[in-house]
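So the protein sequences, as listed, match chains G and R.
Using this note's numbering, you'd call the opening residue of the first sequence number -3 and step up by one each time.
Using this note's numbering, you'd call the opening residue of the second sequence number 25 and step up by one each time.
Backbone N, C-alpha and C fix where the C-beta goes; we use that ideal spot for every residue, glycine too.
Note that the coordinates shown come from a computational prediction; the quantities given were computed from them, not determined experimentally.
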Amino acid sequence: MLEVEFSDANFQAEVLEEKDKPVLVDFWAEWCGPCKMQGPIIGEVAKEMQGKAKVGKLEVDQNPGIAQKFQVMSIPTIAIFKGGKPVWTAVGVQQKEVIISELKNQL
Amino acid sequence: MATPKARSYDFVIVGGGAAGLAAALYSSRREMKTLIISQDVGGQAATTPDIENYPGVEFIHGATLMENFKKQAEKYGTEFVFESVNKIERDKDDLFTIHTNSFSVKAETVLLAFGLSHRHLGIPGEEEMIGKGVSYCATCDAPLYKGKQVTVVGGGNSAMDAALLLAKIAEKVTVVNKNPEFRGESVLMEKMKAEPKIVTLFGADSKTVLDKEGKGRVSHLVIQEAGAENETEIATDGIFVEIGFTVDADWIVGLVDLDERKQIKINANCETNVPGIFAAGDVTTVEYKQIVISAGEGAKASLQAHKYLLQKSGKRSAFIDWGKKK
Chain G
-3 MLEVEFSDAN FQAEVLEEKD KPVLVDFWAE WCGPCKMQGP IIGEVAKEMQ GKAKVGKLEV
57 DQNPGIAQKF QVMSIPTIAI FKGGKPVWTA VGVQQKEVII SELKNQL
Chain R
25 MATPKARSYD FVIVGGGAAG LAAALYSSRR EMKTLIISQD VGGQAATTPD IENYPGVEFI
85 HGATLMENFK KQAEKYGTEF VFESVNKIER DKDDLFTIHT NSFSVKAETV LLAFGLSHRH
145 LGIPGEEEMI GKGVSYCATC DAPLYKGKQV TVVGGGNSAM DAALLLAKIA EKVTVVNKNP
205 EFRGESVLME KMKAEPKIVT LFGADSKTVL DKEGKGRVSH LVIQEAGAEN ETEIATDGIF
265 VEIGFTVDAD WIVGLVDLDE RKQIKINANC ETNVPGIFAA GDVTTVEYKQ IVISAGEGAK
325 ASLQAHKYLL QKSGKRSAFI DWGKKK
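Right, here's the structure in full:
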């Protein structure tokens, strides 16, 4: 699997301190139907953007700290971080093309 | 861009819920070249946590059931594209052109199966705060409100379901119900009464969603209680709007006949008034909105579309479902 598993514990190092690449975070949970539709799309994004961007998922139930810190109040929420800051956020299932084009804007 | 593999199809299905996916299973198995265009997989059913009334399946999560529907249709060749359809045109050559934001395809037959959409309150602040505290999916978002104060707007089964689910997670649940009583299953009403975390305000009208602290998230819901002189502000971290569903059919006005609730009018065989355009599931005039009914209607529409195609190509209906073929 190309996606990184983000957590409250590794978020600082993996996302906020990532210097070179934009980082895509898919906030999701097991009990969320629409998140299950988003999951495979994120997988495809990870494949297509391999080497150019870091793509990963954060399960909000196990990692409530980060979800709260970034005010994630609906899932799925997709966020792109650059230089430690969120630069793009979208709520609800997002299409692959939209995510990739937003990621490319941050390259 | 999300584009389909081919430029024309036998059967283009708009919507990927129970009706659309079941229709695709039937059409693909009859070797109709089938494309589903949908914004999501599974529609409303996918956001239903526990399904216990789908025959033959004692218990299943809605998302899993719908994922199974999709896999089964894809197994027989259905193609699935995530997009939203914004226009359907009837061409001179009796074909249809389906337009989305990123592509157009031709179709011999079309199935409208895009279901119902969540009804919005239509009050100031609501649209701006979607995803920032305003939610239409309690099963999706409830767990994000652990230990928080939440508000549910509505007075039917889905509002009660949402309130009871939230009561397990949030600290306090205020239900704002426009009517003087709940309307729904008595089992749910009893559970509501027994739940100490739930407070219901009856006869209360929702007026405005506020972000008083300017933090880009919901802080209050302003309501008008029956008989009260002034409006009241309820401090809340989240507002779950559960006031039912509506047909989002403005884009097909003029294409097919709709009833006064904008449901698509169909006959017993899922035909609309336009030959070649079929409709199935919650978006139609069929009274009962249930997964098993939508699935059945989708299958029916698919068989009818198949028959239409055979007749169009000059062949007699190649199959019959019962009785003896002469």
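Using the beta-carbon of each residue, which ones in chain A are nearer than 7 Å to residue i?
{"i": "G/Ser70", "result": "Structure shown: chain A not included; protein chains present are G and R."}
Can you tell which of the options has its C-alpha closest to the C-alpha of residue i?
{"i": "G/Gln64", "options": "R/Asp64, R/Tyr160, R/Asp165", "result": "R/Asp165"}
{"i": "R/Leu279", "options": "R/His244, R/Ser337, R/Val134", "result": "R/Val134"}
{"i": "R/Pro167", "options": "G/Val19, G/Thr85, G/Met69", "result": "G/Met69"}
{"i": "G/Ile37", "options": "G/Glu(-1), G/Asn59, G/Gln58, G/Gln67", "result": "G/Glu(-1)"}
{"i": "R/Gln255", "options": "R/Val242, R/Lys236, R/Asp229, R/Gly268", "result": "Before going on, a small fix: residue 255 of chain R reads as Glu here, not Gln. Closest option to R/Glu255, Cα to Cα, is R/Asp229."}
{"i": "R/His144", "options": "R/Ala137, R/Met153, R/Leu136, R/Glu237", "result": "R/Met153"}
{"i": "R/Phe138", "options": "R/Gln335, R/Glu311, R/Ala303", "result": "R/Ala303"}
{"i": "R/Ala250", "options": "R/Pro204, R/Val277, R/Lys236, R/Ala87", "result": "R/Pro204"}
{"i": "R/Cys161", "options": "G/Pro30, G/Gln58, G/Gln102", "result": "G/Pro30"}
{"i": "R/Ser52", "options": "R/Ser326, R/Pro28, R/Gly146, R/Leu334", "result": "R/Ser326"}
{"i": "R/Ile258", "options": "R/Leu334, R/Leu234, R/Gly268", "result": "R/Leu234"}
{"i": "R/Thr102", "options": "R/Ile84, R/Gly238, R/Phe35, R/Lys215", "result": "R/Phe35"}
{"i": "R/Asp274", "options": "R/Ala48, R/Asn110, R/Thr27", "result": "R/Asn110"}
{"i": "R/Ala87", "options": "R/Gly80, R/Pro73, R/Tyr78", "result": "R/Pro73"}
{"i": "G/Lys78", "options": "G/Gln67, G/Gln58, G/Leu103", "result": "G/Leu103"}
{"i": "R/Cys294", "options": "R/Met56, R/Leu136, R/Ala48, R/Gly262", "result": "R/Leu136"}
{"i": "G/Cys28", "options": "R/Glu55, R/His85, R/Phe120", "result": "R/His85"}
{"i": "G/Asn101", "options": "G/Asp57, G/Ala49, G/Ala5, G/Asn6", "result": "G/Ala49"}
{"i": "R/Asn77", "options": "R/Lys236, R/Lys313, R/Thr121", "result": "R/Lys313"}
{"i": "R/Ala48", "options": "R/Gly146, R/Lys324, R/Thr27", "result": "R/Lys324"}
Taking 9 Å as the threshold (C-beta atoms), are residue j and residue i in contact?
{"i": "R/Gly171", "j": "R/Lys202", "result": "no"}
{"i": "R/Val97", "j": "R/Ala30", "result": "Residue identity check: residue 97 of chain R is Ala in the sequence provided, not Val. Against a cut-off of 9 Å, the Cβ pair of R/Ala30 and R/Ala97 comes out as no contact."}
{"i": "G/Gly39", "j": "G/Val11", "result": "no"}
{"i": "G/Gly80", "j": "G/Glu14", "result": "yes"}
{"i": "G/Val83", "j": "G/Thr73", "result": "no"}
{"i": "R/Leu140", "j": "R/Val307", "result": "yes"}
{"i": "R/Val197", "j": "R/Val223", "result": "yes"}
{"i": "G/Ile76", "j": "G/Val19", "result": "yes"}
{"i": "R/Glu266", "j": "R/Gly180", "result": "yes"}
{"i": "R/Ile75", "j": "R/Ile301", "result": "no"}
{"i": "R/Tyr33", "j": "R/Lys99", "result": "no"}
{"i": "R/Thr163", "j": "R/Thr270", "result": "no"}
{"i": "R/Leu225", "j": "R/Val246", "result": "no"}
{"i": "G/Asp16", "j": "G/Gln34", "result": "no"}
{"i": "R/Glu132", "j": "R/Lys336", "result": "yes"}
{"i": "G/Gln58", "j": "G/Ser3", "result": "yes"}
Could you give the C-beta distance for residue i and residue j, rounded to a whole number, given that I count them as a contact under 8 Å?
{"i": "R/Asp283", "j": "R/Thr309", "result": "6 Å"}
{"i": "R/Gly240", "j": "R/Lys156", "result": "6 Å"}
{"i": "R/Thr260", "j": "R/Gly149", "result": "At roughly 12 Å, the Cβ-Cβ gap does not stay under 8 Å, so R/Thr260 and R/Gly149 are not in contact."}
{"i": "R/Val177", "j": "R/Ala194", "result": "That belief does not hold up - the Cβ atoms of R/Val177 and R/Ala194 are roughly 15 Å apart, past 8 Å."}
{"i": "G/Glu55", "j": "G/Ala25", "result": "6 Å"}
{"i": "R/Ala69", "j": "R/Ile315", "result": "5 Å"}
{"i": "R/Ala191", "j": "R/Lys221", "result": "4 Å"}
{"i": "R/Val298", "j": "R/Arg114", "result": "7 Å"}
{"i": "R/Gly268", "j": "R/Val242", "result": "About 21 Å separates the two Cβ atoms, so there is no contact after all."}
At a threshold of 8 Å, does residue i count as lining the ligand ADP (C-beta to nearest heavy atom)?
{"i": "R/Gly155", "result": "In terms of ligand content, the structure shown is empty, and the ligand ADP therefore cannot be addressed."}
Below 8 Å, how does it come out for the region 119 to 130 of chain R and the region 200 to 218 of chain R: are there three or more Cβ pairs, yes or no?
no
Check whether the region 38 to 53 of chain R touches the region 64 to 78 of chain R, counting contact only when three or more Cβ pairs, one atom from each stretch, lie closer than 8 Å.
yes
Kindly provide the ranges of any beta strand (DSSP E) runs that are 3 or more residues long and lie completely inside the region 30 to 104 of chain R, ordered along the chain.
32 to 38, 58 to 62
Quick check: the region 329 to 336 of chain R against the region 86 to 95 of chain R, are there 3 or more CB pairs under 8 Å?
no
Report the start-end ranges of each beta strand (DSSP E) in the region 122 to 203 of chain R that is 3 residues or longer and not cut off at the edges.
128 to 136, 173 to 177, 196 to 201
Between the region 81 to 97 of chain G and the region 185 to 193 of chain R, do three or more beta carbon pairs fall short of 8 Å?
no
Taking contact to mean 3 or more Cβ pairs, one atom from each stretch, closer than 8 Å, check whether the region 79 to 96 of chain G and the region 287 to 298 of chain R are in contact.
no
Please give the ranges of any beta strand (DSSP E) in the region 264 to 318 of chain R, keeping only runs that are unbroken, at least 3 residues long and fully inside the region.
301 to 303
Is it the case that the region 102 to 119 of chain R contacts the region 50 to 62 of chain R, given that we only count it when at least three CB pairs across the two stretches are under 8 Å?
yes
If we require 3 or more residues per run, which beta strand (DSSP E) segments fall completely within the region 197 to 254 of chain R?
222 to 226, 228 to 234, 244 to 249
At which residue ranges does the region 49 to 79 of chain G contain complete alpha helix (DSSP H) runs of 4 or more residues, listed in the order of the chain?
60 to 65
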